[in-house]
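K.L.:
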Amino acid sequence: MSNKDNSSKSKSKPDPSMEELVIGGATYQTRLNSKFRNRKTWSRPDERKVEAVIPGAIRKIMVREGEEVTQGTPLLILEAMKMENKLLSPMDGMIKKIHVSKGDQVAKFQLLVEFT
Amino acid sequence: MASTKKVQELKKRREEVQRGGGEKAIQKQVAMGKMTARERIVKLLDEGSFNEYDLFVEHEARDFGMDQKTLHGDGVITGTGTIGGRPVCIFAQDFTVAGGSLGNMHARKITKIMDHSLKMRMPLIGINDSGGARIQEGVNSLAGYGEIFFRNTLASGVIPQISVILGPCAGGAVYSPALTDFVFVVENISKMFITGPEVIKTVLGEDISMEELGGARVHSEITGNAHFFSETEDECFEQIKSLLSYLPWSNTDVPARKELKDPLKKYNISHIVPADKKQPYDVRNVIRSVTDSSDFFEIQESWAANIVIGFGTMGGRTVGFVANQPLILAGVLDVDSSDKAGRFIRYCDAFNIPIITFVDLPGYLPGVDQEHAGVIRHGAKVLYAYSEATVPKITLILRKAYGGGYIAMNSRHLRADFVFAWPDAEVAVMGPEGATNIIFRKEIATAADPEKMRKQKVQEYKEKFANPYVAAAKGYIDSVIEPWETRKSLLHALEVSGEKSVGMPAKKHGIPPF
Numbered sequence: 001m002s003n004k005d006n007s008s009k010s011k012s013k014p015d016p017s018m019e020e021l022v023i024g025g026a027t028y029q030t031r032l033n034s035k036f037r038n039r040k041t042w043s044r045p046d047e048r049k050v051e052a053v054i055p056g057a058i059r060k061i062m063v064r065e066g067e068e069v070t071q072g073t074p075l076l077i078l079e080a081m082k083m084e085n086k087l088l089s090p091m092d093g094m095i096k097k098i099h100v101s102k103g104d105q106v107a108k109f110q111l112l113v114e115f116t
Numbered sequence: 001m002a003s004t005k006k007v008q009e010l011k012k013r014r015e016e017v018q019r020g021g022g023e024k025a026i027q028k029q030v031a032m033g034k035m036t037a038r039e040r041i042v043k044l045l046d047e048g049s050f051n052e053y054d055l056f057v058e059h060e061a062r063d064f065g066m067d068q069k070t071l072h073g074d075g076v077i078t079g080t081g082t083i084g085g086r087p088v089c090i091f092a093q094d095f096t097v098a099g100g101s102l103g104n105m106h107a108r109k110i111t112k113i114m115d116h117s118l119k120m121r122m123p124l125i126g127i128n129d130s131g132g133a134r135i136q137e138g139v140n141s142l143a144g145y146g147e148i149f150f151r152n153t154l155a156s157g158v159i160p161q162i163s164v165i166l167g168p169c170a171g172g173a174v175y176s177p178a179l180t181d182f183v184f185v186v187e188n189i190s191k192m193f194i195t196g197p198e199v200i201k202t203v204l205g206e207d208i209s210m211e212e213l214g215g216a217r218v219h220s221e222i223t224g225n226a227h228f229f230s231e232t233e234d235e236c237f238e239q240i241k242s243l244l245s246y247l248p249w250s251n252t253d254v255p256a257r258k259e260l261k262d263p264l265k266k267y268n269i270s271h272i273v274p275a276d277k278k279q280p281y282d283v284r285n286v287i288r289s290v291t292d293s294s295d296f297f298e299i300q301e302s303w304a305a306n307i308v309i310g311f312g313t314m315g316g317r318t319v320g321f322v323a324n325q326p327l328i329l330a331g332v333l334d335v336d337s338s339d340k341a342g343r344f345i346r347y348c349d350a351f352n353i354p355i356i357t358f359v360d361l362p363g364y365l366p367g368v369d370q371e372h373a374g375v376i377r378h379g380a381k382v383l384y385a386y387s388e389a390t391v392p393k394i395t396l397i398l399r400k401a402y403g404g405g406y407i408a409m410n411s412r413h414l415r416a417d418f419v420f421a422w423p424d425a426e427v428a429v430m431g432p433e434g435a436t437n438i439i440f441r442k443e444i445a446t447a448a449d450p451e452k453m454r455k456q457k458v459q460e461y462k463e464k465f466a467n468p469y470v471a472a473a474k475g476y477i478d479s480v481i482e483p484w485e486t487r488k489s490l491l492h493a494l495e496v497s498g499e500k501s502v503g504m505p506a507k508k509h510g511i512p513p514f
């Protein structure tokens, strides 16, 4: 075990290895772990941007830029995990830009289709 | 008396089988920096204590040319022996024989020794080093895993079950360790994952090495699947022996008594905890300042380190410690630390180990990631585990005990048997700063000098509520003690609760939030 046996002294001098964490209006001196540091900051999803929910390949694109579509219209087919996933339009609107072409390999969260 | 000829034959057969997968395979095993299965058993058990069973078991595969192959011991060594003079059951998969792959007879050897350990009420130690299911044996090898998992579950909470990962342990095979009590891993040797790097690369395009995906450090620091990390197999075996020294041999047994002395002088309990509640310190030193010979055996040291769990000895007896760690994330409760503490509390309860809880936390960790990761459900594990536990439960509030965190950390309300607090302790819905901002929002906003007003109100609040006496006045705290009285008070509490007897309503089992 790599526990360090450094019994701390009573005098609390500022320790440069410590960082600050604010909880309930109070600022605590402490160490932050990697999980906390690497946590994903949340942002409100933009329904005008259709992203890949899973990495895979674009098998088919069923819409064109400038086309008006209604909610539920199939936009494209993303093949992943040996399954063909039909991505449907999340809204009524006009396709502003298609960011991928047939055959493209896409990563998770990659932008595929943008609405105006 | 057996004829000399027959004895010779037995010797010959033994020697043959004990060579495992043969010289070449053994050389490969050594080249990977690993001991052989037999060496591992010998190192871990008391000298000369190993009794092997099922040495002459042969595999059953008949397809794909397997009927032409001899697999010595079918790739696993099983038997009984002693550790510290007490009996244990053990199995060790032999990677030199068909990659330690699990076929029907391999599994039958394991389940036989598992049945034995449960029947005879002794710990089970499983050393995992296997390429996985033996594909040539098809569904029979899957059946084998299922039989093992079922027995792991049956034995859970009855006998201690220890898994040692000394090689690959992938796919379904990982679930046996996951069902056992403690998982030991060794740097560069242990590899655990459900789907390996190759599949992940093919399906998802993510390029990752085995070590990065499921190496010893990953499971000790990120996933929490492992409880003990070491750099060498020898060190790992010493850890196993230390752990066993704290455990009873079954749930109807109590841990063996230890003859240890007073805490070491260097852990001076009066000088560890800073008075300023926003300053950190290492709570493990508080534990060491009260245990016999400052003995503390930490579990899951590098994962969710904002809570500390482990075994120590007090008055010669094993105690389970749970303590908020102000050194990491200010000691908050969050998803991982709740999971870690909840399971440990249930472990102690299952095996008749009293629990001592040290409280010093600002509350739960705020954040979208925490809420969306289900901190409600995970946090509830701590409440559930403490409420359900019927072993002696002793709490000491060192400094802060705020809000839901106060309730969760073995408060009187969850039926703590003894609640102590130091004079610096404060029990409140929240810290003075947060409380002031809410209670005196109007006064502060309308004051000529809001900042001055805020400070003044914080001071007023502190004087009135930031102490242990409001809770003590209601009997939520039994006793406010000076730090130097801590060991004496804890020992006394343990002594008087030795015969604790409480009942739970009759039920098949509860529905814990897991």
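Protein sequence lines correspond, in order, to chains A and B.
Residue numbers for the first sequence follow my numbering, so the first one is 1 and each next one is one higher.
Residue numbers for the second sequence follow my numbering, so the first one is 1 and each next one is one higher.
Every residue gets a Cβ at the ideal spot worked out from N, C-alpha and C, and that includes glycine.
This structure is a prediction, so every number in the text was calculated from the model and none was measured.
1) When you check each C-beta in the region 275–288 of chain B against every C-beta of chain A, which residues fall closer than 9 Å?
2) Using a Cβ-Cβ cut-off of 8 Å, state whether B:A330 counts as contacting chain A.
3) Regarding B:I83 and the ligand GDP, is the C-beta to nearest heavy atom distance less than 7 Å?
4) To the nearest angstrom, how far is the alpha carbon of A:K49 from that of B:I208?
5) State buried or exposed for B:G363, treating a residue as buried only when at least 16 other CB atoms are found within 10 Å of its CB.
6) For chain B, check one thing: does any of its Cβ atoms lie closer than 8 Å to the Cβ of A:G103?
7) Bridge partners of B:V359, per DSSP?
8) Kindly indicate if chain A contains any beta-carbon less than 8 Å away from that of B:N188.
9) With a threshold of 16 other CB atoms inside 10 Å of the CB of B:L10, please say whether the residue is buried or exposed.
10) Taking DSSP as the reference, what is the three-state secondary structure of A:Y28?
11) For A:N85 and chain B, any beta-carbon pair shorter than 8 Å?
12) Quick one: what's got a C-beta closer than 8 Å to A:D5's C-beta in the same chain, skipping five residues either side?
13) Which of the residues in the region 11–36 of chain A, read from start to end, lie with their CB under 8 Å from any CB of chain B?
14) With DSSP collapsed to three states, give me the class of B:E212.
15) Looking at the strands, I want to know which residues DSSP matches up with B:Y53.
16) Buried or exposed: which applies to B:P423, given that a residue is buried once 16 or more other Cβ atoms fall within 10 Å of its Cβ?
17) Counting only the same chain and skipping the five closest in sequence on each side, list residues whose C-beta sits under 6 Å from that of B:R412.
18) Can you list, in chain order, the residues of its chain with a C-beta nearer than 7 Å to that of A:L75? Leave out the 5 residues immediately preceding and following it.
19) Would you mind sorting B:I439 into buried or exposed? The rule is 16 or more other CB atoms within 10 Å of its CB.
20) Quick one: using the 10 Å Cβ neighbour count with 16 as the cut-off for buried, is B:L154 buried or exposed?
21) List the DSSP bridge partners of B:S230.
22) List, in chain order, every chain A residue whose beta-carbon is nearer than 9 Å to that of B:P362.
23) Mind pulling the beta strand (DSSP E) runs of 3 or more residues that sit fully within the region 291–368 of chain B?
24) Can you list the residues of chain B that A:P55 reaches, using a CB-CB cut of under 9 Å?
25) Given that a residue counts as buried once 16 or more other Cβ atoms are within 10 Å of its Cβ, and exposed if not, what is B:G146?
26) Would you identify the three-state DSSP class for B:S242, choosing helix, strand or coil?
27) With the cut-off set at 8 Å, would you say B:G99 and B:G131 are in Cβ contact?
28) Just checking my contact of B:R515 with B:L166 at CB under 8 Å: how many whole Å lie between their CB atoms?
29) Can you find a C-beta in chain A that's less than 8 Å from the C-beta of B:D424?
30) Check whether chain A comes within 8 Å of B:E482, counting only Cβ atoms and requiring the distance to be less than that.
31) Taking only beta-carbon atoms, is A:K97 less than 8 Å away from chain B?
P.N.:
Walking through what the data contain:
1) A275, D276, K277, K278, Q279, P280, Y281, D282, R284, N285 and R288
2) yes
3) With respect to small molecules bound, the structure shown includes none, and the ligand GDP cannot be examined in it.
4) 29 Å
5) buried
6) no
7) B:I397
8) no
9) exposed
10) strand
11) no
12) Note that A:D5 scores 44 on pLDDT, short of 50, meaning its location in the model is unreliable and no value can be drawn from it.
13) S12, D15, M18, L21, I23, G24, G25, A26, T27, Y28, Q29, T30, R31, L32, N33, S34, K35 and F36
14) helix
15) B:T78
16) exposed
17) V419 and Y476
18) V50, M62, V63, L87, L88, S89 and V113
19) exposed
20) exposed
21) B:V186
22) L21, I23, G24, A26 and Y28
23) 296–299, 307–314, 317–324 and 355–361
24) V203, L204, G205 and E206
25) exposed
26) helix
27) yes
28) As displayed, chain B neither begins before 1 nor continues past 514, which places residue 515 of chain B out of reach and without an answer.
29) no
30) no
31) no
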